[in-house]
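Start counting at 1 in the sequence shown, then tack on 3, and there's your number in this note's numbering. Worksheet: one structure, shown below.
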Amino acid sequence: MSNRLNETIEKIITNKESIKQYNLFENVKEICRGPFGIVRKAAWGDRTVVLKSLNNATNEIFINAIINELQNLIKVDGHNHPNIIQFYGITKGN
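Structure, rendered in structure tokens:
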């Protein structure tokens with residue numbers, strides 16, 4: 004992954020205490036796979052969540068898109084609106 008993406012992720016982890024242990028997710032099932040990563044559905048406590056795993060990102064446009072998505076998710080985090088995706092954190096795992 005690029006240094007900028009790693010720096011953004013580190014800021015999120017530091018500011019939000021948002022690291023989640025991968026082994027807490029159950030019934031993990033792949034939804035789709037693409038050139039940049041895999042999307043999985045999982046149970047996390049009483050919630051159904053989506054896990055996005057990223058391939059080793061080197062494409063600058065892709066890296067900028069990920070950084071933008073993370074920043075936007077954090078901006079709207081905590082609104083608890085049914086039409087807004089909630090950001091719960093980042094996990095490092097499978």
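All C-beta atoms in this analysis are idealised placements derived from N, C-alpha and C, irrespective of residue type, glycine included.
By DSSP, does K2 sit in helix, in strand, or in coil? With the chain covering 4 to 97 only, the question about residue 2 has no answer from this structure.
Give the C-beta separation of Y91 and K23 to the nearest angstrom, bearing in mind that I take them to be a contact with Cβ-Cβ under 8 Å. Taking 8 Å as the upper bound for CB-CB distance, Y91 and K23 are in contact here, some 7 Å apart.
Of all the alpha helix (DSSP H) runs that stay within the bounds of the region 24 to 81, which reach a length of 4 or more residues? The region 24 to 81 contains these whole alpha helix (DSSP H) runs: 63 to 79.
Just the Cα atoms here: how many angstroms apart are I34 and I41? The straight-line gap from Cα to Cα measures roughly 8 Å.
Stretch pair the region 52 to 69 + the region 6 to 14: three plus CB contacts closer than 8 Å: As far as the Cβ criterion goes, the region 52 to 69 touches the region 6 to 14, which means the pair count is three or higher.
How about N58 and F39: do their beta carbons lie closer than 7 Å? Judged by their CB atoms, N58 and F39 are nearer to each other than the 7 Å cut-off.
Could you round the C-beta distance between I87 and V79 to whole angstroms and report it? I think they count as a contact, below 8 Å. Going by Cβ atoms, the distance from I87 to V79 rounds to 5 Å, so yes, they are a contact pair.
With distances taken between CB atoms, is the gap from N30 to A46 smaller than 7 Å? In this structure, N30 sits near A46, with a CB-CB distance shorter than 7 Å.
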